[in-house]
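The structure under discussion appears below in the form of structure tokens.
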Amino acid sequence: MSSDRELSAFLHRACHDLRTPVRAVRAHAELLIKQHTGEIDQPLSFIIDGARKADLIVDAISAYAGALEIDPATFQPTRSDVMLRAALTRLATAIRESHTEVTYGEMPRVRVNPDRLTQVFELLIRNAIEHSGPAPSVHIDAAEQGGMWMFAVRDQGQGVEAGEIERIFHPFEKLNGKGAGMGLAIGRAIVEAHGGKIWAENGEHGGLTVRFTLPA
1280 MSSDRELSAF LHRACHDLRT PVRAVRAHAE LLIKQHTGEI DQPLSFIIDG
1330 ARKADLIVDA ISAYAGALEI DPATFQPTRS DVMLRAALTR LATAIRESHT
1380 EVTYGEMPRV RVNPDRLTQV FELLIRNAIE HSGPAPSVHI DAAEQGGMWM
1430 FAVRDQGQGV EAGEIERIFH PFEKLNGKGA GMGLAIGRAI VEAHGGKIWA
1480 ENGEHGGLTV RFTLPA
């Protein structure tokens, strides 16, 4: 845990030092586009796009750093269905625009940091929506096994090649080229900070199921 806190502190400092110059570059490039037109527009657009991507990566690294420093003193018994619904509220626009059907079964009460577990649900459901097929469907359920609650988030996408399943939880791994590739890495850090594990499995009839455990 000490090494995680040290890494978190280092990442926070690095993000702080990177964020200001990256946003300055973007802001000044946007200002130049407003003030000038012509042949410099295209190179300035490349600069703005690059700065936007760098800003996204910095924010993702900062979120990962936060996931590494979760204090167990913040854990409290919380209904997981309440956290799940909070995550669905945050994802309301993505769910509506993608026409995704989201269903869930009975959810248990667990001892967690509520904000962080809500973040896990949001990350996993967003990932499931992005990788689902033309008729997106996501189902979430939970069952008790061996003194742990095991949660499952199932989508109806194409799944992941067997050799790639573990890699999707590594930082900066992007299967579809979108985002910063940190979502599942952040989810893993949060789950492990709560004493659980997270992994993924391909379904027999397609789709991917991401499972994670929490102490019962």
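Under our numbering, think of the first position of the sequence shown as 1280, with each following residue one higher. Every residue gets a Cβ at the ideal spot worked out from N, C-alpha and C, and that includes glycine.
(message) I'd like the list of long-range same chain contacts for glycine 1482, defined as Cβ closer than 8 Å, with 5 residues on each side in sequence excluded.
(response) Within the sequence shown, numbered from 1, the residue matching residue 1482 stands at position 203. Same-chain partners within the cutoff: Arg1433, Gly1438, Thr1488.
(request) Would you kindly check if the distance between the Cβ of glycine 1462 and the Cβ of proline 1494 is under 7 Å? (result) Taking the sequence shown and counting its residues from 1, the one referred to as residue 1494 is at position 215. Taking the sequence shown and counting its residues from 1, the one referred to as residue 1462 is at position 183. Taking 7 Å as the Cβ cut-off, proline 1494 and glycine 1462 do not qualify as a contacting pair.
(request) Please determine, among Ala1441, Gly1485, Trp1428, the residue with the shortest C-alpha to C-alpha distance to lysine 1476. (result) Within the sequence shown, the letter at position 197 stands for residue 1476. Per the Cα distances, Trp1428.
(request) Less than 8 Å between the CB atoms is what I'm expecting for leucine 1450 and glutamine 1435, so what's the real figure, rounded? (result) Position 171 of the sequence shown holds residue 1450. Position 156 of the sequence shown holds residue 1435. Contrary to the premise, residue 1450 reads as proline rather than leucine in this sequence. Actually they do not touch by this definition, with Cβ atoms about 27 Å apart.
(message) Would you call the segment 1363-1377 in contact with the segment 1336-1347, where contact means no fewer than 3 C-beta pairs closer than 8 Å?
(response) no
(message) Excluding the 5 residues flanking arginine 1298 on each side, which residues of the same chain have their C-beta closer than 6 Å to its C-beta?
(response) Residue mapping note: residue 1298 aligns to position 19 of the sequence shown, counting from 1. Closer than 6 Å at the Cβ level, and outside the excluded window around arginine 1298, lie Val1337.
(request) Grab the span of the alpha helix (DSSP H) containing methionine 1362 for me, first residue to last. (result) Position 83 of the sequence shown, counted from the first residue, corresponds to residue 1362. Note, methionine 1362: alpha helix (DSSP H), 1359-1369.
(request) Assess, as a yes-or-no matter, whether the segment 1323-1330 is touched by the segment 1352-1370 under the definition of 3 or more beta carbon pairs within less than 8 Å. (result) no
(request) With alanine 1424 as the anchor, note down where its beta strand (DSSP E) starts and where it stops. (result) Within the sequence shown, numbered from 1, the residue matching residue 1424 stands at position 145. The residue you asked about is not alanine; residue 1424 is glutamine in the sequence shown. Per DSSP, glutamine 1424 belongs to the beta strand (DSSP E) from 1416-1424.
(request) Can you tell me which of the three DSSP states glutamate 1480 falls into? (result) Against the sequence shown, residue 1480 aligns to sequence position 201. The answer is strand: DSSP assigns glutamate 1480 an E or B state.
(request) Assign threonine 1379 to one of three DSSP states: helix, strand, or coil. (result) Here residue 1379 refers to the residue found at position 100 when the sequence shown is read from its first residue. Threonine 1379 falls in the coil class under three-state DSSP.
(request) Take the Cβ of histidine 1484 as the centre, count every other Cβ of all protein chains shown within 10 Å, and call the residue buried at 16 or more, exposed below. (result) By one-based count along the sequence shown, residue 1484 stands at place 205. Exposed, because fewer than 16 other Cβ atoms sit within 10 Å of the Cβ of histidine 1484.
(request) Could you tell me how far apart the beta carbons of alanine 1346 and isoleucine 1469 are, in whole angstroms, since I believe they sit closer than 8 Å? (result) Against the sequence shown, residue 1346 aligns to sequence position 67. Against the sequence shown, residue 1469 aligns to sequence position 190. Rounded to the nearest angstrom, the Cβ distance from alanine 1346 to isoleucine 1469 is 5 Å, consistent with a contact under 8 Å.
(request) Measure the Cβ-Cβ separation of alanine 1330 and leucine 1290 and say whether it is below 7 Å. (result) For the purposes of this step, residue 1330 is identified with residue 51 of the sequence shown, where counting begins at 1. For the purposes of this step, residue 1290 is identified with residue 11 of the sequence shown, where counting begins at 1. Against a cut-off of 7 Å, the Cβ pair of leucine 1290 and alanine 1330 comes out as no contact.
(request) Verify whether the separation of the beta carbon atoms of glutamate 1452 and glycine 1442 is less than 7 Å. (result) On the sequence shown, residue 1452 is found 173 positions in, with the first residue counted as 1. On the sequence shown, residue 1442 is found 163 positions in, with the first residue counted as 1. No, Cβ-Cβ distance for glutamate 1452 and glycine 1442 is not below 7 Å.
(request) Would you kindly report the start and end of the unbroken beta strand (DSSP E) that includes valine 1470? (result) As a first step, residue 1470 must be located in the sequence shown, where it is residue number 191. Run containing valine 1470: none in the beta strand (DSSP E); it sits in the alpha helix (DSSP H), 1462-1472.
(request) Determine, using beta carbons only, whether proline 1356 and arginine 1405 come nearer to each other than 7 Å. (result) On the sequence shown, residue 1356 is found 77 positions in, with the first residue counted as 1. On the sequence shown, residue 1405 is found 126 positions in, with the first residue counted as 1. 7 Å or more divides the Cβ of proline 1356 from the Cβ of arginine 1405.
(message) Can you find the residues in the same chain that come closer than 6 Å, C-beta to C-beta, to glutamate 1480, ignoring five residues on each side of it along the sequence?
(response) On the sequence shown, position 201 is the one that residue 1480 refers to. Cβ neighbours of glutamate 1480 beyond the five flanking positions: Thr1488.
(request) Pull up the distance between the alpha-carbon of leucine 1402 and that of alanine 1308, whole angstroms please. (result) Your numbering for residue 1402 matches position 123 in the sequence shown. Your numbering for residue 1308 matches position 29 in the sequence shown. So the two alpha carbons sit approximately 32 Å from each other.
(request) Look up proline 1322 in the DSSP assignment and say whether it is helix, strand or coil. (result) The residue you call residue 1322 lines up with position 43 of the sequence shown. Looking at proline 1322 - three-state DSSP - the assignment turns out to be helix.
(request) Starting from leucine 1396, follow the alpha helix (DSSP H) in both directions and report where the run begins and ends. (result) Numbered from its first residue, the sequence shown carries residue 1396 at position 117. Residue range 1393-1409 is occupied by the alpha helix (DSSP H) that includes leucine 1396.
(request) Kindly indicate which three-state DSSP category leucine 1286 falls into: helix, strand or coil? (result) For the purposes of this step, residue 1286 is taken as residue 7 along the sequence shown, with counting starting at 1. In the structure shown, leucine 1286 sits in a helix (DSSP, three-state: H, G or I).
(request) State the DSSP-derived secondary structure class of leucine 1487, mapped to helix, strand or coil. (result) Numbered from 1 along the sequence shown, position 208 holds the residue referred to as residue 1487. Reduced to three states, the DSSP call for leucine 1487 is strand.
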